[in-house]
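Every letter in the sequence shown is one number past the one before it in my numbering, and letter 314, counting from 1, is 314. For each residue, glycine too, the CB sits at the ideal point set by N, CA and C. The structure displayed is predicted, hence computed values, not measured ones.
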Amino acid sequence: MKKIVAFLTVALSIGNLTSCNQDFLDKQPQDQFSETAVWSDPALIQTFINNTYRGLGHGFNNVMFSTYSDESMAVWGPVVNVTKGLINASDINDWAYDRAGYFVWDNVYKNIRATNLFFSKIDDATTLDAATKNMYMGEEHFVRAYLYHNLVSVYGGVPLVTQAYGLGEEYSMPRNTYEECIKFIADECDKAAALLPLTQSAANAGRATKGAALALKARTLLYAASDLYANPTWSAGYANPELIGYKGGDRAARWKAAKDAAKAVMDLNIYSLNAPNPATLAEASKNRADMFVSKQSPEDIHVRFFLAKLDNDGAWPGRSNGPNGYHNWGGNTPLGQLADDYEMKDGTKFSWSNPAHAADPYVGRDSRFYSDILFEGAPWRQRPADVIDKDPKGIIQTGYWEKWNATTSKVEVVAGLDTRKGPIEDWNGTYSGYYLKKFMDPAVDAQFFRSEVPWRFIRYTEILLNYAEACINLGEEAEAKKYLNMIRKRAAMPEITETGAALMKRYQNERRIEMAYEEQRFFDVRRWMIAPQIYSNARGVEPTYKLNPDKTTAAKATYKIIEVQERKWVDRNYFLPIKLDEMNKNSKLIQNPGY
1 MKKIVAFLTV ALSIGNLTSC NQDFLDKQPQ DQFSETAVWS DPALIQTFIN NTYRGLGHGF
61 NNVMFSTYSD ESMAVWGPVV NVTKGLINAS DINDWAYDRA GYFVWDNVYK NIRATNLFFS
121 KIDDATTLDA ATKNMYMGEE HFVRAYLYHN LVSVYGGVPL VTQAYGLGEE YSMPRNTYEE
181 CIKFIADECD KAAALLPLTQ SAANAGRATK GAALALKART LLYAASDLYA NPTWSAGYAN
241 PELIGYKGGD RAARWKAAKD AAKAVMDLNI YSLNAPNPAT LAEASKNRAD MFVSKQSPED
301 IHVRFFLAKL DNDGAWPGRS NGPNGYHNWG GNTPLGQLAD DYEMKDGTKF SWSNPAHAAD
361 PYVGRDSRFY SDILFEGAPW RQRPADVIDK DPKGIIQTGY WEKWNATTSK VEVVAGLDTR
421 KGPIEDWNGT YSGYYLKKFM DPAVDAQFFR SEVPWRFIRY TEILLNYAEA CINLGEEAEA
481 KKYLNMIRKR AAMPEITETG AALMKRYQNE RRIEMAYEEQ RFFDVRRWMI APQIYSNARG
541 VEPTYKLNPD KTTAAKATYK IIEVQERKWV DRNYFLPIKL DEMNKNSKLI QNPGY
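Below, the structure is given as C-alpha cells:
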C-alpha cells in the first residue's frame, strides 16, 4: 500500500458497458477501467479508495476557512473601496461555495456516492484477503462519516443517501432530521472504529485509524450538544426546526455523550500533547512552531500528507500566505481581533487601552503569539536574493518610516518591504499589518518551492478541548480545568482558575488561540451563537516610526488601529443555503431559513 500523500486522479468508468460485435469497437479505453477490472485488481481498488479520501480536501486552500470567521481575511477576493479605504467583503456563503468545495452540497455528495459505490461492490473484490477488506471497509465508513459531518455542519439535516444511484433512477428524497444525521454519523464512526487498526504502518500513514474514527465521533457529538442545535430560537417562524437542531430532548445527555466520546479517544493511550513541559516561554513557542512544520507529532490523529514535487490539489501554504516582501502573496492575513486575543504572558488580557501594552504590543505575550503570527519587527527567514540588500537580517516590515528630506524640507514616508505600498510587490500583501506564521516552514523558499507541511485534520489537543468543554457544560469544572491547564502548561502560560460563565469565556478564548487557522473557529462561533458579536468590521494595525522634533526618525513605532474590511452578520448565515440547482433537481428538499 502507498502512503496517503497526494491522491492519484484516475477516471474509473464503472457503469454498464455496451457490447458491440465489431472487433474494432470492442476495445478497452486507454484512460478508463471497466467495472470488472476495478473490483478484481487490488491496486485499482486502493486507487479508488484513495480518491474518496481526496473528497475530504485539506485546509491549505488559497482562501482558508479562517477567512470566513474572525481569524483572517483573504486579500484578493473583495474589491477595494478607495473612498472608504476599506475592503468590501463578498457574502461569506458565496465565498464558501467558490473556495471550500469540500463542504458544498453537490461536491460532497459526489464523494458520498463513491463511498456508497464501494460498499455495493466490495463483496465482488475476491482478490482481497479478509483483513484487507475489513480495513478498507473501516476506511470508507470513516470517509463517509466525515463527508456527512462536513455537510451537516454547514447545512443541518441532509438526505442520508447510502446507495449509489445510476442514470435514470429516481433519487429524490427529503432531508433527514438533524438528530437522525448525527446518529448516522456516530454509527458510521463506530463501524469504522470496529474495523480499523489502532495505528497504521509508515507506508500507510494518512489512512484512517480507530482513533481517527472515535475522534470524529467526539467532534460530531460536541457540535451537536452545543447551543445552536438546542431548540433553535433564532429561526422563529421556520416551519421545519427539526432540520437545523433538536426538538427537545435531554441536553445533559448529549453533553455526556460528547464527553464520553472524547474520553474514549483519550483512553486509547496512544496520543499525547507535543512537548508538554517547556522550560521557558521561548521554548514553548519554538516547540509549537516546529510541530506545525513537522511531518509527525505525538498529537497526530488524522493527517493529510503532501509531496513538494506534486500539485497536491493546490496546497502551497507558504506562497499563498507568506509576506509579499518575500515574493509571496500574503493571502490569509491575521486580523487585529485575533492578534489582540493572544493574552499577555501573565494570563491577563491584552488591551490597546493599556498604555504599556499600546507602547510595546508585541512584548510579553502568550508564547503562541510568536509561533503563529508575523508582526512588525518579527524575525523571519532570509530575504530572497533580489531583496536581501534592503534587509540583510530578515525582519518583517509592515510599518512606515517618516524621514526628513533636507533638500525639499518635507517629510517623506517610506513604506516597509512587506506593505502593499512597498518596493517589492505592491499588489500583494497584508491590509491588517500581520502575516501568518503558523504552518510556514522557514527552511523553504516558498516563492519557488512547495513545503511538505501536512494538514492536520484532527489532533489530540482538540480532543482535550472537546472533553473540557463537555465537562464545563456538565458542571464538572475541576475536571475541565485539569485538562485546560495541561494545554496552558504546554504553552508556558499560567493556569486558568475562573468558574462559571467566566470559565466558559476563558475556555472559548483558549480554544480560539490554540486551534487558530485549524478550521474550528468558523463552526465554534456559530454553535456557541456568538457570531453576532464576532462579525464586526475587521481590524488591523498601522505601525509608523514617526519623525522626532529633531528631524530624526523614532526607533519605536506607534500603532494606529484601522478597519480593513467591512463585515456584518445576518442570522441566516448560521447555515449555508442549498443551491437552487439542487432544489430544482429534488423537489422534496426544504430550504434553510432565511433563503
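Practice task
Determine, using beta carbons only, whether Ala470 and Lys259 come nearer to each other than 8 Å.
Solution key: yes
Practice task
Identify the continuous alpha helix (DSSP H) that holds Ser367 and give its terminal residues.
Solution key: Ser367 to Asp372
Exercise for the section: Determine the direct distance from the alpha carbon of Ile112 to that of Gly166, and round the result to whole angstroms. Expected result: 14 Å
Problem - Complete runs of the alpha helix (DSSP H) confined to the region 102-145 [at least 4 residues] - result: As far as the region 102-145 is concerned, its whole alpha helix (DSSP H) runs of at least 4 residues are 105-121.
Handout entry: Candidates Phe306, Trp329, Lys121 and Glu402, of which the one nearest Arg450 by Cα
Key = Phe306
Handout entry: Minimum C-alpha distance to Ala230 - residue among Asp250, Ala213 and Asn240
Key = In this structure, Asp250 is the residue among Asp250, Ala213 and Asn240 with its C-alpha nearest to the C-alpha of Ala230.
Practice task
Could you round the C-beta distance between Gly416 and Gly399 to whole angstroms and report it? I think they count as a contact, below 8 Å.
Solution key: 5 Å
Problem - Local conformation of Tyr400 per DSSP, three classes - result: DSSP places Tyr400 in strand when its eight states are reduced to three.
Practice task
Find out if the Cβ-Cβ distance for the pair Met73, Leu335 is shorter than 8 Å.
Solution key: Yes. Within cutoff.
Exercise for the section: Compare the C-alpha of Cys181 against each of Phe103, Pro577, Val152 and Asp391 and name the closest. Expected result: Val152
Handout entry: Residue range of the unbroken alpha helix (DSSP H) whose run includes Trp39
Key = Glu35 to Ser40
Practice task
Keeping to the same chain, check which residues put their C-beta closer than 7 Å to that of Gly318; ignore five residues upstream and five downstream.
Solution key: Closer than 7 Å at Cβ, skipping near neighbours: Asn328, Met440, Asp441, Val444, Ala446 and Ser451.
Exercise for the section: Let me know if Gly168 comes out buried or exposed under the rule of 16 or more other beta-carbons within 10 Å of its beta-carbon. Expected result: That one is exposed.
Problem - alpha helix (DSSP H) runs wholly inside the region 157-231, at least 4 long, in chain order - result: Fully enclosed alpha helix (DSSP H) runs of 4 or longer: 178-195 and 210-225.
Handout entry: Three CB pairs or more closer than 8 Å across the region 465-481 and the region 395-414
Key = no
Problem - For Ile472, the nearest candidate out of Trp234, Ile496 and Ala491 (CA to CA) - result: Ile496
Problem - C-beta atoms of His149 and Trp455 nearer than 8 Å - result: Not in contact: His149 and Trp455 (Cβ atoms no closer than 8 Å).
Exercise for the section: Check each candidate in Ala208, Ala257, Gly206 and Gly211 and name the one with the smallest Cα separation from Ala221. Expected result: In the sequence on display, residue 221 carries Leu and not Ala. Of the candidates Ala208, Ala257, Gly206 and Gly211, the one whose C-alpha sits nearest the C-alpha of Leu221 is Ala257.
Practice task
Please classify Glu412: is it buried, with 16 or more other beta-carbons within 10 angstroms of its beta-carbon, or exposed?
Solution key: Glu412 comes out exposed.
Handout entry: DSSP-derived helix/strand/coil call for Glu412
Key = strand
Problem - Short Cβ contact (8 Å threshold) for Tyr574 with Trp234 - result: yes
Handout entry: Residues bridged to Pro560 (per DSSP)
Key = Inspection of the sequence shows that residue 560 is occupied by Lys rather than by Pro. Per the DSSP secondary-structure output, Lys560 pairs in a beta bridge with Glu542.
Handout entry: Rounded straight-line distance, which links the Cα of Glu376 to that of Ser351
Key = 18 Å
Exercise for the section: Would you mind working out which of Glu477, Ala491 and Gly594 sits nearest Ala279, comparing C-alpha positions? Expected result: Ala491
Problem - Coil, strand or helix - Trp255 by DSSP - result: In this structure, Trp255 counts as helix in the three-state DSSP scheme.
Practice task
Taking Ala186 as the reference, give the member of Thr199, Leu214 and Gln163 with the closest Cα.
Solution key: Leu214
Handout entry: At least 3 beta-carbon pairs within less than 8 Å: the region 154-166 vs the region 53-71
Key = No: the two stretches stay apart, fewer than three of their Cβ pairs being nearer than 8 Å.
Practice task
Please determine, among Gly347, Asp346 and Pro361, the residue with the shortest C-alpha to C-alpha distance to Ser353.
Solution key: Comparing Cα positions, the closest option is Pro361.
Problem - Three-state secondary structure assigned by DSSP to Ser66 - result: helix
Handout entry: For Val154, three-class secondary structure by DSSP
Key = Helix, per DSSP.
Practice task
Using 10 angstroms around the beta-carbon of Thr209, count the other beta-carbons present and answer buried if the total reaches 16, otherwise exposed.
Solution key: buried
Exercise for the section: Give every residue of the same chain whose Cβ lies closer than 8 Å to the Cβ of Asn176, excluding the five residues on either side of it in the sequence, and list them in chain order. Expected result: Gly157, Val158, Pro159, Leu160 and Phe184
Practice task
Mind reading off the beta-carbon distance from Gly540 to Gly433? Whole number of angstroms is fine, and I expect it under 8 Å.
Solution key: With 8 Å as the limit, Gly540 and Gly433 qualify as a contact, their Cβ atoms being about 5 Å apart.
Practice task
Evaluate Tyr595 with the Cβ neighbour count: other Cβ atoms within 10 Å of its Cβ, from every protein chain shown; 16 or more gives buried, anything less gives exposed.
Solution key: exposed
Handout entry: Under 8 Å between C-beta atoms of Glu299 and Leu338
Key = no
Handout entry: Other residues of its chain near Asp581: CB distance less than 8 Å, five sequence neighbours each side excluded
Key = Correct list, in chain order: Asp106.
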